[in-house]
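>
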Amino acid sequence: MHPEGRKYVLVSGAVTLVALWWFGWFVAWPLVGLTVWVAAFFRDPVRVTPQGEGLIIAPADGLITMIQRVPVPRELAGENGLGDAPLIRVSIFMSVFDVHINRTPIAGTIRQVVYISGKFLNADLDKASEENERQHIVVESRDGRRIGFTQIAGLVARRIVGFVKPGDMVATGQRVGLIRFGSRVDVYLPDDIAPQVSLGQRSVAGETVLGRPGVSAVAGIAQ
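The sequence shown begins at -14 in my numbering and counts up one residue at a time.
1) Can you look up Phe11 in the DSSP assignment and give me helix, strand or coil?
2) Taking the beta carbon of Glu118 as the centre, do at least 16 other beta carbons fall within 10 Å, making it buried, or is it exposed?
3) So does the region 76 to 92 actually touch the region 40 to 55, counting three or more Cβ pairs closer than 8 Å?
4) With DSSP as the reference, please indicate the residues paired to His121 in a beta bridge.
5) Please work out which residues of its chain come closer than 6 Å, Cβ to Cβ, to Ile122, disregarding the five sequence neighbours upstream and downstream, and give them in chain order.
6) Check whether the region 184 to 194 and the region 124 to 131 are in contact - that is, three or more C-beta pairs closer than 8 Å.
7) Identify, in the order they occur along the chain, each residue of the same chain with its Cβ nearer than 8 Å to the Cβ of Ser(-3), setting aside the five sequence neighbours on each side.
8) So Thr209 packs on Gly199, CB below 8 Å; how close in whole Å?
9) Evaluate Met154 with the Cβ neighbour count: other Cβ atoms within 10 Å of its Cβ, from every protein chain shown; 16 or more gives buried, anything less gives exposed.
Shown next, in the form of structure tokens:
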């Protein structure tokens, strides 16, 4: 379990013990289930990250819900970010049952970390990427390639926790943050990266190959 979850498990466990003491198992049993679920939510399994030149690795566990060409968010645009041309966005929806530790898609240097407070709409909605609480991260590899990804809070998620800051060096698949209790992560792929996932596929953070160098498979992608 990630250390971020310990206080939640302790609080839930304490409430369970109080309920057991005062009201017995009839009331305590549901709270036992809640405590187990909280502990499972903050689980932090070891991942074996694929090694390969130019591979883009999934930053989140969850379901691939969108693959489309979109304008770059203004917080990521410009010469210091991802540029101004539209990019392919791959959206990964994390349910409350998925692992919520997020990992970096490539190795390199953290160039940007931009946190934006916002709403808590359903993270599966397209407009959540512009209106919800979110955190943008840009990583630059040794060869100058930049990949941006965005952690987006959802209906249940109310807090994005970051582990990195600009200037930090990261390895592919390194833990960079988490989102509490249900959310989404968007990854922006440049045109020379061909997506390797499809809609409805499940991704595993730090293990699933999201993209690789090649002619971008733009055919069939929403423009």
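Just so you know, even glycine gets a beta-carbon here, dropped at the ideal spot from N, CA and C. Since we're looking at a predicted model, the values are computed, not measured.
According to the data block:
1) Three-state DSSP puts Phe11 in a helix.
2) A residue is called buried when at least 16 other Cβ atoms come within 10 angstroms of its Cβ; Glu118 meets this threshold and is buried.
3) The region 76 to 92, when compared against the region 40 to 55, does touch it at the 8 Å Cβ threshold.
4) Residue pairing by DSSP places His121 opposite Val99 and Thr135 in a beta bridge.
5) Once the five neighbours on either side are set aside, the close Cβ partners of Ile122 are Val98 and Phe134.
6) No: the two stretches stay apart, fewer than three of their Cβ pairs being nearer than 8 Å.
7) Excluding positions up to five away in sequence, the list reads Leu16, Leu19, Thr20 and Val23.
8) No answer is possible for residue 209: it lies beyond the span of the chain, which begins at -14 and ends at 208.
9) When all chains shown are included, Met154 counts as exposed.
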